[in-house]
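Right, one structure below, let's go through it.
Numbering (UniProt numbering), first residue to last: 1 to 600.
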């Protein structure tokens, strides 16, 4: 089986030939870096992921964490991998030098983290959650909170989680019941229960820092009354060292289809002992703060889905080249040698689809992280603002499209393997099981559709949509070869139809037909997701076509031809599927809306 997690040639193409990541070194924050340092850290990530994470991926899936006497028992290799990741500086990789970080661009850190998720999604979850929780404290915490928690989290001494979901509320955060009662000291008393908390208990670090949503007594109803609290598993002293138990208890472990190496927990707060929580920022602003972590996590979920899809593609591609079976349809001699299954057109179809989904998803997610870089570090304040608006608009798509099509790629990988594909002796069935969680992680597909059509498209008088169309126009005009021009025309025509449908849906929302308009929000998400990924493929095709003329080795020519053929696949086989979405949206189809519960 291949040990290739992500094709390094493809990653270099995405980072340097499409996104021009090297140009980031001209910015003050990254001025001490160059392409060599970027490549060195990517090389370290690739090597560490293969040696420290991939080595126990299957074992952690089979021997998942256990709840024993109120504690979690897990494989020792998980802690070894986490410690190696922390010691290499990856938890703090994007942070300031003063915080022990490397001040790496988001796009480079995302590329690095892609290797770890591809190698072992379960173990990779612990440091990724910690980085995001630490960033929440860095941005919104007070100086005391930063001093107490950040050093230990960024060094890997403590991990972090986000504790949002409650058993009765699910995704409806307006209905959470966890309460926070003020005291005369500098803390609140937290009381309540949370469920599906990834990394909520483990045996790899000294402490766990939970970022908890709760309502202060007397707070306004709904989401306007939610506050954010830092709730450590153990209280800490003035130097950040853990002290006594803080009333956070493990109520049980949840056993999942995939990502089995990451504990999914039910937690109780304040049941067996007083639970101290420390208010982050202002009261009743918690959901606004938490959305920073949630949006980071949504991009991370999309990225994870893309690279798990990619990992399955790498496995099935190698298998298809090695597996001998059958002969070409035109071969009439039954005694002729069997051919590798990659010679069969239908296997190539499945491999092309995987390539289109995984490399298209990777391009989309890297584009999103590049927007993060521009949002935070572009020298032009206006460009920073525009990058933020564009990222906000695209986040539901970045989260959802790879989460839907990464598992489809894994499903095709299983099919390429045939009967071997659904056995545990081969790796692709686990890829599918791991990836199937991602359409649900951090907001289901349906929620993302409602967010896009119900809110994101219309924000700031649709300024984000206008920026998107301007950005797309640049690449449409850059399509100069015959093939790329044909695809650009197809994309342009589809985009125009989507804009007309958007205008029509906007009028329906304005007229008060909210339920009917949003009933098919998932169709709208699919429509725009495919348009955006077609754009990503046009960007790749433009770069490949321009580079092909000067490619001077067979390997390079084959690489660029492969990019162009995958782009052709997406434009011929995938983009046309949005025609159904356009019809359903244009007609405001009410089939699903008018179905009654009693009729099922």
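Note that the Cβ used here is the ideal one computed from N, Cα and C, for glycine as well.
Just so it is clear, the structure is predicted and the values come from calculations on it, not from any experiment.
Beta-carbon proximity list for residue i, same chain, < 7 Å, skipping 5 on both sides
i: residue 75; result: 56, 59, 60 and 63
i: residue 319; result: 416 and 417
i: residue 475; result: 535, 538, 539 and 542
i: residue 448; result: 396, 399, 400 and 525
i: residue 10; result: 359
i: residue 150; result: 99, 134, 137 and 138
i: residue 323; result: 340 and 341
i: residue 523; result: 581, 584 and 585
i: residue 601; result: There is simply no residue 601 to check, as the chain begins at 1 and stops at 600 in what is shown.
Nearest candidate by alpha-carbon position, reference residue i, set the options
i: residue 378; options: 21, 1, 16 and 419; result: 21
i: residue 3; options: 12, 47, 36 and 34; result: 47
i: residue 336; options: 342, 343 and 326; result: 326
i: residue 517; options: 455, 546, 480 and 143; result: 455
i: residue 127; options: 168, 204 and 65; result: 204
i: residue 548; options: 243, 17 and 300; result: 17
i: residue 32; options: 51, 598, 49 and 104; result: 104
i: residue 355; options: 329, 324 and 313; result: 313
i: residue 539; options: 493, 479, 426 and 423; result: 479
i: residue 12; options: 460, 102, 112 and 147; result: 112
i: residue 505; options: 233, 587, 96 and 331; result: 587
i: residue 235; options: 520, 511 and 208; result: 208
i: residue 316; options: 596, 341, 160 and 452; result: 341
i: residue 77; options: 51, 98 and 99; result: 51
i: residue 503; options: 461, 490, 544 and 522; result: 461
i: residue 206; options: 193, 157 and 192; result: 157
i: residue 466; options: 154, 374 and 389; result: 389
i: residue 563; options: 363, 529, 238 and 521; result: 363
i: residue 14; options: 470, 368 and 424; result: 368
i: residue 370; options: 571, 85, 36 and 110; result: 110
i: residue 444; options: 508, 510 and 402; result: 402
i: residue 291; options: 442, 311, 166 and 330; result: 442
i: residue 345; options: 263, 328, 391 and 129; result: 328
i: residue 144; options: 227, 240, 172 and 125; result: 240
i: residue 468; options: 446, 495, 483 and 488; result: 495
i: residue 446; options: 38, 171 and 81; result: 171
i: residue 410; options: 311, 483, 482 and 375; result: 311
Counterpart residues of residue i in DSSP-defined beta bridges
i: residue 207; result: 158
i: residue 265; result: 197 and 253
i: residue 181; result: 189
i: residue 278; result: 230
i: residue 68; result: 71
i: residue 324; result: 340
i: residue 245; result: 234
i: residue 47; result: According to DSSP, residue 47 bridges with nothing at all.
i: residue 224; result: Beta-bridge pairing links residue 224 to no other residue.
i: residue 216; result: 180
i: residue 163; result: 212
Contacting residues, own chain, Cβ-Cβ under 8 Å from residue i (five flanking each side not counted)
i: residue 527; result: 498, 501, 578, 581, 582 and 585
i: residue 169; result: 175, 176 and 177
i: residue 598; result: none
i: residue 437; result: 256, 257, 258 and 259
i: residue 41; result: 93, 102, 104, 108 and 112
i: residue 485; result: 479
i: residue 491; result: 472, 476, 531, 534, 535, 538, 571 and 575
Proximal residues to residue i (C-beta, below 6 Å), its chain only, five neighbours per side dropped
i: residue 372; result: 106
i: residue 412; result: 350, 353 and 354
i: residue 211; result: 133, 136 and 162
i: residue 140; result: 280, 281 and 289
i: residue 45; result: 112 and 115
i: residue 124; result: 116 and 117
The segment 521-538 touching the segment 557-576, judged by at least three CB pairs closer than 8 Å: Contact check between the segment 521-538 and the segment 557-576: three or more CB pairs, one atom from each, fall below 8 Å, which counts as touching.
Ranges of the alpha helix (DSSP H) found wholly within the UniProt domain "Acetyl-CoA dehydrogenase-like C-terminal" (469-595), counting only runs of at least 4: 482-510, 514-518, 521-548, 554-569 and 578-586
Any 3 or more C-beta pairs closer than 8 Å across the segment 392-407 and the segment 556-567: Contact fails: fewer than three Cβ-Cβ distances are below 8 Å.
3-residue-minimum beta strand (DSSP E) runs that sit fully inside the segment 73-158, ordered along the chain: none
The segment 175-187 touching the segment 107-127, judged by at least three CB pairs closer than 8 Å: no
Stretch-stretch touch, CB-based, cutoff 8 Å, three pairs: the segment 277-294 with the segment 302-311: no
Contact the segment 18-37 vs the segment 208-224: 3+ CB pairs below 8 Å: When C-beta atoms of the segment 18-37 are compared with those of the segment 208-224, fewer than three pairs fall below 8 Å, so the two segments do not count as touching.
Sufficient close CB pairs (3 or more, under 8 Å) joining the segment 550-558 to the segment 380-392: With a cut-off of 8 Å on Cβ pairs, the segment 550-558 is not in contact with the segment 380-392, counting fewer than three such pairs.
Three-pair Cβ contact test at 8 Å for the segment 66-80 versus the segment 242-254: yes
At least 3 beta-carbon pairs within less than 8 Å: the segment 420-434 vs the segment 287-300: no
Segment contact, 8 Å Cβ cut-off, at least three pairs: the segment 83-91 with the segment 347-362: no
Entirely enclosed beta strand (DSSP E) segments - the segment 344-388, minimum 3 residues: none
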